[in-house]
Amino acid sequence: MKCTACGWQNSEGVIYCDGCGSVLDSTREQVVPGRTVQEGEDVEFNEAQEGRVQIRLTVLRGQSKGKQFTLEQGSNLVGRWDPEAAAFPEVDLESEDIEAKISRKHAVIEVDGRQITIQDIGSLNGTFINRGPRLEEGLVSQLKHGDEIIVGKTFLLLEVLES
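Heads up: the sequence shown is residues -14 to 148, going by the numbering used here.
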């Protein structure tokens, strides 16, 4: 199976790319163009709508500027890929983090129906929302469309898109 992130040809049946660590789950939906929800707008989720809403993070600057990560329902680990430390993040920022400012297991973004939350899970250099105060470890904070998330020195934009 060819990795869409880096082009590495992987063996069939593997879950993570041997080249870059990206998730190779072929059942994951691709990001598609749609209506952008306005900042602060409440998005109502129901069973009919859930398949039409995409939640994604976009890297705002640096080498990987424009790189996008689609967030799935449930837990989405943000960090750096490291098999030795059993760190296999859905949002793998290894290539963006030359100075190792992002912890291997930095934060978790939880998507549960209409709720999107983030929790710092003991990162060394902190997690911030909209350049506000550093999140306390273990504190769950609400996220909404248009929020800027800073992990280490990496800036991410949260987008909620309807197709």
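Even glycine gets a Cβ: it sits at the ideal position worked out from N, Cα and C.
Per DSSP, lysine 90 is one residue of the beta strand (DSSP E) stretching across 90 to 97. Collapsing the DSSP output to three states places alanine 70 in a helix. Contact between lysine 138 and lysine 86 holds, with the beta-carbon distance rounding to 5 Å and staying under 8 Å.
Valine 44 and leucine 143 have their alpha carbons spaced roughly 9 Å apart.
The C-beta separation of asparagine 115 from glutamate 95 comes to about 18 Å, leaving the pair out of contact by the 8 Å criterion. Annotated three-state conformation of glutamate 79 is helix, per DSSP.
Annotated three-state conformation of isoleucine 87 is coil, per DSSP. Less than 8 Å divides the Cβ of serine 126 from the Cβ of isoleucine 103. By the criterion of a C-beta distance shorter than 6 Å, glutamate 122 is surrounded in its chain by Asp105, Gly107, once the five residues flanking it on both sides are discounted. A direct Cα-to-Cα measurement between phenylalanine 140 and methionine -14 gives close to 30 Å. Between leucine 62 and valine 93 the beta-carbon gap is near 6 Å, inside 8 Å, which marks them as a contact.
Under the rule that a run must span 3 or more residues, the beta strand (DSSP E) segments found entirely inside the stretch 108 to 132 read 112 to 114, 125 to 127.
DSSP lists Asp77, Lys90 as the beta-bridge partner residues of glycine 64. Cβ-Cβ distances below 6 Å link histidine 91 to Val63, Gly64, Ser108, Val136 in the same chain, with the five nearest sequence neighbours on each side left out; the list follows chain order.
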